[in-house]
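Enquirer:
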Ligand SMILES: Cc1cc2nc3c(=O)[nH]c(=O)nc-3n(C[C@H](O)[C@H](O)[C@H](O)COP(=O)(O)O)c2cc1C
């Protein structure tokens with residue numbers, strides 16, 4: 099039987115199963131319960147994901163990436179999904195190195211098929227230990243990735259979720275995220291918008 103509903107993929111770019119893991123899964127749980135979408139989850143935690151070395155194998159061969167590691171599995175999940183949640187902790191005012199590596203490694207997919215990610219919908223969740231620790235510049239980086247790859251970035255609208263979900267963990271892991279009511283409300287508002295836009299693009303789902 100063919101696919102009927104929307105599939106949403108959540109990716110955590112944290113090397114831990116703490117605040118980012120919690121926030122991305124809270125978004126997926128909400129999407130599943132509220133909007134009845136299918137969900138998939140991938141965390142970089144304990145995964146081997148090498149840096150892009152700019153060897154240009156992907157450009158020359160158009161057969162994907164020369165590196166054989168956990169990105170192979172993630173590339174398949176990315177291609178299957180209609181909508182993505184990129185979730186990252188804020189490191190030095192930006193997305194984590196792990197998240198940046200995931201994004202860089204997507205070059206191989208687009209080198210094989212320039213339309214591979216076209217019209218998939220994307221949102222960001224960025225979690226900082228400080229209330230204003232760089233969540234917005236990090237969200238902007240995720241938005242730029244979506245634009246560069248012909249995806250459709252969405253935020254949650256003004257009054258709370260402007261560029262995506264900015265979450266404040268107070269460096270307290272899942273407990274900190276749970277206490278950030280505004281952050282969780284923002285996550286939900288952006289998920290609502292992702293689902294609405296994805297359904298516009300896939301009216302029969
Ligand atoms: C290397 C490193 C750099 C960090 N830089 C920032 C920062 O610039 N701004 C901020 O608000 N928090 C910063 N933090 C704190 C984390 O963003 C915060 O604890 C986050 O909730 C961790 O996510 P996790 O629990 O999913 O690993 C940093 C943490 C680490 C390990």
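In our numbering, the protein residues as written are 99 to 303. Think of the CB as a built atom: it goes at the ideal place given N, C-alpha and C, for glycine as much as any other residue.
Measure from the alpha carbon of residue 295 to the alpha carbon of each residue in 238, 280, 186 and 133, then state which is nearest.
Expert: Residue 295 has its Cα closest to that of 133, out of 238, 280, 186 and 133.
Enquirer: Would you identify the three-state DSSP class for residue 107, choosing helix, strand or coil?
Expert: Residue state, collapsed to three classes: strand.
Enquirer: Verify the contact flag: residue 155, CB atom, against every heavy atom of ligand 1, threshold strictly below 8 angstroms.
Expert: No.
Enquirer: According to the neighbour-count rule (16 or more other Cβ atoms, all chains shown, within 10 Å of its Cβ), is residue 152 buried or exposed?
Expert: Residue 152 is exposed by the Cβ-count criterion.
Enquirer: With DSSP run on the structure shown, which of helix, strand or coil describes residue 117?
Expert: DSSP places residue 117 in helix when its eight states are reduced to three.
Enquirer: On the DSSP letters alone, give me the boundaries of the beta strand (DSSP E) that residue 186 sits inside.
Expert: Note, residue 186: beta strand (DSSP E), 181-189.
Enquirer: Between the beta-carbon of residue 168 and the beta-carbon of residue 147, is there less than 9 angstroms?
Expert: Against a cut-off of 9 angstroms, the Cβ pair of residue 147 and residue 168 comes out as a contact.
Enquirer: Under the DSSP definition of a beta bridge, which residues are partnered with residue 224?
Expert: For residue 224, which the question treats as bridged, DSSP gives the partners 186 and 264.
Enquirer: What does the alpha-carbon distance come out to for the pair residue 266 and residue 158?
Expert: If you take the alpha carbons of residue 266 and residue 158, they lie about 43 angstroms apart.
Enquirer: Just reading off the alpha helix (DSSP H) that residue 239 is part of, what are its end residues?
Expert: That run of the alpha helix (DSSP H) goes 233-246.
Enquirer: Leaving out five residues on either side along the sequence, give the residues of the same chain with a beta carbon under 7 angstroms from the beta carbon of residue 284.
Expert: The residues are 254, 258, 259, 263 and 264.
Enquirer: Exposed or buried, what is residue 149 when buried is set at 16 or more other beta-carbons lying within 10 Å of its beta-carbon?
Expert: Flag for residue 149 reads exposed.
Enquirer: Note down, in chain order, each residue of its chain lying with its Cβ closer than 8 angstroms to the Cβ of residue 99, except the 5 sequence neighbours on either side.
Expert: Only weak support is given to the placement of residue 99: the predicted model assigns it a pLDDT of 47, under 50, and the question is left unresolved by the model.
Enquirer: If you measure from the CB of residue 187, is any heavy atom of ligand 1 nearer than 8 angstroms?
Expert: Yes, the Cβ of residue 187 comes within 8 angstroms of a heavy atom of ligand 1.
Enquirer: Excluding sequence positions up to five away, which residues of its chain have a Cβ less than 8 angstroms from the Cβ of residue 179?
Expert: Same-chain partners within the cutoff: 105, 106, 107, 138 and 218.
Enquirer: Can residue 228 be considered in contact with ligand 1, in the sense that its beta carbon sits closer than 8 angstroms to one or more heavy atoms?
Expert: For ligand 1, at least one heavy atom lies less than 8 angstroms from the Cβ of residue 228.
Enquirer: Is it the case that the Cβ atoms of residue 128 and residue 272 are separated by a distance below 9 angstroms?
Expert: No; because the gap between Cβ atoms is not below 9 angstroms, this pair is not in contact.
Enquirer: My guess is that residue 160 and residue 124 are in contact by the Cβ rule of under 8 angstroms, so how many angstroms apart are they, rounded?
Expert: About 38 angstroms; that fails the 8 angstroms criterion.
Enquirer: Tell me, please, which residues DSSP counts as bridged to residue 137.
Expert: In DSSP, residue 137 forms a bridge with 106.
Enquirer: Can residue 112 and residue 187 be called in contact, C-beta distance under 9 angstroms?
Expert: Yes.
Enquirer: Starting from the C-beta of residue 231, find all residues in its chain whose C-beta is less than 6 angstroms away, skip the five residues before and the five after it, and write them out in chain order.
Expert: Excluding positions up to five away in sequence, the list reads 188.
Enquirer: Return yes when at least one heavy atom of ligand 1 lies under 8 angstroms from the C-beta of residue 144, else no.
Expert: No, the beta carbon of residue 144 sits no closer than 8 angstroms to any heavy atom of ligand 1.
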